[in-house]
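Residue numbers (the working numbering), protein chains in the order written: chain A, 1 to 289; chain B, 290 to 533. Worksheet for the structure shown next.
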């Protein structure tokens with residue numbers, strides 16, 4: 001039994017790490033640009049499929065690095081050509097735009113790579129279990145969690161210690177004043193959007209190694225990512241990280257005792273947080289007002 | 290006289306409300322020009338129009354001879370226009386030092402080290418968040434932030450608002466000091482007496498139009514007018530001013 005619980009907690013942490021990675025990207029974009037990016041799951045798919053296409057040429061490790069960067073460049077173009085036009089408008093515009101984009105990406109993926117799922121193999125060194133008793137802790141699972149952790153730490157360091165990062169944090173609360181201090185806020189938003197998309201692309205590459213590829217693979221991650229943001233608190237990236245891990249583990253643990261409720265538990269958690277502390281665990285008051 | 294900044298016939302709207310009705314003004318290079326007037330006269334809107342934050346629908350804004358009326362604010366700032374907004378608008382979630390790292394790094398004499406020499410209080414509090422500062426410290430930070438852009442023109446919107454008298458004097462001294470640094474200053478204020486004390490030239494705005502302009506000394510010498518304006522009872526003083 002204890003092994004089963006451990007298995008599900010581990011599983012929950014891994015899933016939660018993905019939620020967090022997706023949710024932090026969404027959160028970055030929402031905080032600086034006020035856009036809820038429904039196409040975020042689509043960019044995860046693009047990242048995964050690009051790595052599939054690149055692996056024969058660059059190998060697993062090369063594709064792991066290059067595919068997220070290519071995804072970020074696509075994201076940058078999408079921001080410049082489309083997303084930018086809906087800034088400052090009624091939120092309905094950005095919802096419609098990104099919702100439409102999500103469909104276009106999903107069907108585009110089907111056109112290019114086919115509707116069938118594709119298997120993805122990871123290097124043998126990463127795929128075997130570490131210990132016989134803990135058969136479920138494969139090297140690849142640890143690797144995924146480690147990569148997510150490295151990325152998130154890197155992002156927090158960039159936000160804290162680089163001028164661009166500081167400007168993004170300043171712009172989250174008062175973009176007009178950032179602009180009045182001479183900062184090209186259009187470029188800042190593009191950069192920020194690309195960073196969020198980079199994280200989605202990276203999540204796609206990592207997820208492909210575990211789950212294989214499927215044009216719909218982004219769908220299941222999007223809703224939990226939104227919930228992670230709400231539970232953690234809109235405006236707080238640390239909260240978003242915490243929210244992602246929490247709902248992942250909660251779903252994992254619930255799966256042991258009451259499997260059919262494991263999907264519902266995150267909604268229950270969201271409802272409780274909204275009732276008890278509407279701004280989320282670490283959210284700032286009035287962040288979106 | 291060379292005008293560092295020259296605005297002509299500004300018409301600015303907030304939605305459908307017509308706020309500025311053809312405001313024209315000039316700020317002479319290396320001098321302090323003050324813009325006075327009661328609440329709601331259009332002072333803040335004038336600065337926001339000049340800064341590109343609320344772009345004028347009609348009119349021209351020339352800064353060192355370059356037409357900038359349709360530019361986004363970051364391009365105007367990047368040309369060397371520092372802005373100290375109404376209510377200071379420091380970033381509450383960032384530390385003092387981080388606040389100072391937001392502005393564009395234009396080349397010039399101002400560095401964070403030099404700022405800390407001018408405002409030792411900010412260095413003492415450099416790890417505190419913006420929201421933890423007193424009003425006076427926030428004002429210093431807001432001015433410091435604008436100076437780090439190494440501006441040729443500095444626009445301040447009511448820097449003395451809500452500050453204790455002693456600190457107000459301090460703020461005006463710093464503004465006067467900027468002139469000796471060769472910075473052109475455009476100062477919007479409610480504190481008529483102190484503004485006229487340090488300014489070279491004055492404009493008075495009412496209902497979105499300039500109703501007086503002249504050397505600050507001349508306006509300051511007219512005790513009745515100053516008293517009426519400083520008395521802050523809005524209706525009676527605007528009538529007491531001759532239209533220029």
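The beta carbon of each residue, even a glycine, is placed where N, CA and C say it ideally should be.
For residue 167 of chain A and residue 147 of chain A, the gap between their C-alpha atoms comes out near 26 Å. Collapsing the DSSP output to three states places residue 447 of chain B in coil.
Excluding its 5 nearest sequence neighbours in each direction, residue 183 of chain A has C-beta neighbours in its own chain below 6 Å: 167, listed in chain order. Taking a beta-carbon distance threshold of 9 Å, residue 78 of chain A does not count as an interface residue toward chain B. With respect to the C-alpha of residue 436 of chain B, the residue from B:418, B:413 and B:402 having the closest C-alpha is B:402. The Cβ neighbour count for residue 103 of chain A, taken over all protein chains shown within 10 Å, is under 16; the residue is labelled exposed.
Within the same chain, and ignoring the five residues on either side of residue 398 of chain B in sequence, the residues whose Cβ sits closer than 8 Å to its Cβ are 439 and 470.
Within the segment 466 to 525 of chain B, the runs of alpha helix (DSSP H) at least 4 residues long that lie entirely inside it are, in chain order, 481 to 487, 505 to 510 and 512 to 519. For residue 388 of chain B, the nearest CB of chain A lies under 9 Å from its own CB, placing it at the interface with that chain. Across the structure, residue 424 of chain B and residue 4 of chain A are spaced so that their CA atoms are roughly 57 Å apart. The secondary-structure analysis by DSSP pairs residue 371 of chain B across a beta bridge with B:443. Counting only unbroken stretches of 4 or more residues, the alpha helix (DSSP H) elements lying wholly within the segment 244 to 282 of chain A are 265 to 276, in sequence order.
Judged by DSSP in its simplified three-state form, residue 213 of chain A adopts strand.
Among the bridge pairs identified by DSSP, residue 295 of chain B is matched with B:315 and B:351. The beta-carbon separation of residue 348 of chain B and residue 297 of chain B, rounded to 6 Å, stays under the 8 Å limit for a contact. Within chain B, not a single residue places a beta-carbon under 8 Å from that of residue 192 of chain A; the smallest gap is close to 15 Å. Rounded to the nearest whole angstrom, the CA to CA distance from residue 370 of chain B to residue 255 of chain A is 60 Å. Between residue 25 of chain A and residue 246 of chain A, the CB-CB gap reaches or exceeds 9 Å.
The DSSP-derived three-state label of residue 418 of chain B is strand.
In its chain, beyond the 5 residues on either side, 449 and 457 have a beta carbon closer than 7 Å to the beta carbon of residue 480 of chain B. Below 8 Å, enough C-beta pairs join the segment 43 to 58 of chain A and the segment 67 to 78 of chain A to call them touching: three or more. No residue range can be given for residue 343 of chain B, since it is assigned to no beta strand (DSSP E) and is classified by DSSP as neither H nor E. Here residue 63 of chain A is not near residue 229 of chain A, since their CB atoms are 9 Å or more apart. Of the residues assessed, residue 162 of chain A falls on the exposed side of the cut-off, its CB having fewer than 16 other CB atoms within 10 angstroms.
Here DSSP, grouped into helix, strand and coil, assigns residue 306 of chain B to strand. Just so you know, the alpha carbons of residue 109 of chain A and residue 164 of chain A end up roughly 33 Å apart. Inclusion of residue 7 of chain A and residue 248 of chain A in the CB contact set at 9 Å is not warranted, their separation being larger than that value. When DSSP states are grouped into helix, strand and coil, residue 10 of chain A belongs to the helix group. For residue 177 of chain A, the neighbours in chain B by C-beta distance under 7 Å run, in chain order, 374 and 378.
Cβ atoms of residue 281 of chain A and residue 244 of chain A stay farther apart than 8 Å, at about 12 Å. Excluding sequence positions up to five before and after residue 194 of chain A, its CB lies within less than 8 Å of the CB of 72, 73, 75, 76 and 79, all in the same chain and listed in chain order.
Annotated three-state conformation of residue 172 of chain A is helix, per DSSP. Between the alpha carbons of residue 265 of chain A and residue 238 of chain A lies a distance of about 21 Å.
For the set B:324, B:390 and B:483, the Cα lying nearest the Cα of residue 516 of chain B is the one of B:483. Residue environment analysis places residue 355 of chain B among the exposed positions, since fewer than 16 neighbouring C-beta atoms fall within 10 angstroms of its C-beta. Note that the C-beta distance between residue 429 of chain B and residue 475 of chain B is not below 9 Å.
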